[in-house]
Amino acid sequence: MRVEIWSDIACPWCYIGKARFEKGLAAFAHRDDIEVVHRSFELDPNRAKGDTGPVLEMLAKKYGRTLDEARAMEEHVASNARSEGLEYRTEGRDHGNTFDIHRLLHLARERGRQNELLDLAYRANFAEERSVFDAETLVVLGVEAGLDEAEVRAVLADGSAYADAVRADEREAAELGANSVPFFVLDRRYGVSGGQPAEVFTQALEQAWDSRAPQPVAVIAAAGSSDAPVCDVDGTCEV
1 MRVEIWSDIA CPWCYIGKAR FEKGLAAFAH RDDIEVVHRS FELDPNRAKG DTGPVLEMLA
61 KKYGRTLDEA RAMEEHVASN ARSEGLEYRT EGRDHGNTFD IHRLLHLARE RGRQNELLDL
121 AYRANFAEER SVFDAETLVV LGVEAGLDEA EVRAVLADGS AYADAVRADE REAAELGANS
181 VPFFVLDRRY GVSGGQPAEV FTQALEQAWD SRAPQPVAVI AAAGSSDAPV CDVDGTCEV
């Protein structure tokens, strides 16, 4: 059975949601029969490449808050991340366009290293003092994930490489009705939105597995709580 996950590196709830999903998957009896595919979803697709800035200033401007209030928002998200065993820096992080990262993730999928690159990119963005919006950082992350350096550089130098694949993922998300991430699609029949608790993912996997049919159903049904935190298409992340 396949699970597809739409997410963005800039989305803190995608970082947290991935960890929770993996815990839920670990508790699922048929976990070895699950194929996980990560799909592209840009929270800020209109942001110019190279236009980066501090996350706290971006949050303060977006929500009309002071820097101290934005810092408190980040601390709330950080507490959720740390409860899952994830490191999370509340200051010193950048925000920018993630298109190049998504293009590299498609290369990584072809080379069987997608999950490795995704984990490294999340860690670099949320836990380490490495900007994922810097081309040289992406090269280093790609090599750390097991990709060939020359191939990574070639993809980054060619803006059209895997661009169609990223856009296809985003169109598909829109067709499925996904306007926020993380968004999990199980067996093309069940949808789980947001950074749900691990047990919700286990229950959803069990439901999808037990109700498999020869022909997939077109309607994606929501599973779990509808108020799990997400990041919306306009870049707004719930806190």
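Its first residue numbered 1, the sequence shown is counted upward by one per residue in my numbering. Glycine included, C-beta positions come from ideal geometry on N, C-alpha and C.
task = Use the C-beta contact count for Leu83: other C-beta atoms within 10 angstroms, 16 or more gives buried, fewer gives exposed.
result = Counting from one through the sequence shown, the residue named residue 83 turns up at place 83. Leu is not the amino acid found at residue 83; the sequence shown has Ser there. Within a 10 Å sphere around the beta-carbon of Ser83 sit fewer than 16 other beta-carbons, which makes this residue exposed.
task = Could you check what DSSP says for Val200 in three-state terms: helix, strand or coil?
result = The residue you call residue 200 lines up with position 200 of the sequence shown. DSSP places Val200 in helix when its eight states are reduced to three.
key: Neighbourhood of Ala121 by C-beta distance below 7 angstroms, restricted to the same chain and skipping five residues each side   = Mapped onto the sequence shown, residue 121 falls at position 121. Ile9, Ile101, Val132, Leu141, listed in sequence order.
ask   = Quick one: what does DSSP say Ser7 is sitting in, helix, strand or coil?
value = Residue mapping note: residue 7 aligns to position 7 of the sequence shown, counting from 1. Residue state, collapsed to three classes: strand.
ask   = Between Trp13 and Val230, which are expected to be in contact by the criterion C-beta below 8 angstroms, what is the C-beta distance as a whole number of angstroms?
value = Counting from 1 along the sequence shown, the entry for residue 13 is found at position 13. Counting from 1 along the sequence shown, the entry for residue 230 is found at position 230. Separation of the CB atoms of Trp13 and Val230 is rounded to 6 angstroms, and the pair is thereby assigned contact status at 8 angstroms.
inquiry  = By the three-class DSSP mapping on this structure, what secondary structure does Arg2 have?
reply    = Counting from one through the sequence shown, the residue named residue 2 turns up at place 2. In this structure, Arg2 counts as strand in the three-state DSSP scheme.
request  = Starting from Asp94, follow its DSSP beta bridges and name the residues at the other end.
outcome  = Position 94 of the sequence shown, counted from the first residue, corresponds to residue 94. Note: Asp94 sits in a beta bridge opposite Pro54.
ask   = Candidates Leu138, Val143, Cys11, Ala124: which alpha carbon is nearest Ala156's?
value = In the sequence shown, counting from the first residue as 1, residue 156 sits at position 156. For clarity, residue 156 is Leu in the given sequence; the question names Ala instead. Comparing C-alpha distances from Leu156 to each of Leu138, Val143, Cys11, Ala124 shows the shortest one belongs to Leu138.
request  = Can you tell me which of Arg93, Gly195, Val152, Gly191 puts its alpha carbon nearest to the alpha carbon of Cys237?
outcome  = Walking along the sequence shown from the start, residue 237 turns up at place 237. In terms of CA proximity to Cys237, Gly195 leads the group Arg93, Gly195, Val152, Gly191.
query = Cβ of Val192 within 8 angstroms of Cβ of Glu4?
reply = Locating residue 192 in the sequence shown gives position 192, where the first residue counts as 1. Locating residue 4 in the sequence shown gives position 4, where the first residue counts as 1. Cβ atoms of Val192 and Glu4: not closer than 8 angstroms.
ask   = Any contact of the region 76 to 94 with the region 13 to 31, i.e. 3+ C-beta pairs under 8 angstroms?
value = The answer is yes - the region 13 to 31 touches the region 76 to 94, with three or more Cβ pairs under 8 angstroms.
task = Write down the C-beta distance between Gly28 and Ser7 rounded to the nearest angstrom, noting that I regard them as a contact closer than 8 angstroms.
result = Counting from one through the sequence shown, the residue named residue 28 turns up at place 28. Counting from one through the sequence shown, the residue named residue 7 turns up at place 7. In the sequence under discussion, the amino acid at residue 28 is Phe, which differs from the Gly named in the question. Contact doesn't hold; Cβ gap of about 20 angstroms is too wide.
message = Given a cut-off of 8 angstroms on the beta-carbon distance, is the pair Ala178 and Tyr190 in contact?
response = By 1-based counting over the sequence shown, the position of residue 178 is 178. By 1-based counting over the sequence shown, the position of residue 190 is 190. Result no, Cβ atoms of Ala178 and Tyr190 do not sit closer than 8 angstroms.
Coarse secondary structure for Ala146, derived from DSSP in three states = As a working note, residue 146 is residue 146 in the sequence shown. Note that residue 146 is Gly in the sequence shown here, rather than Ala. Coil at Gly146, not helix or strand.
Gly224, DSSP secondary structure in three states = The residue given as residue 224 occupies position 224 in the sequence shown. Low per-residue confidence applies at Gly224: pLDDT is 47, beneath 50, and the placement is therefore not dependable enough to give any value.
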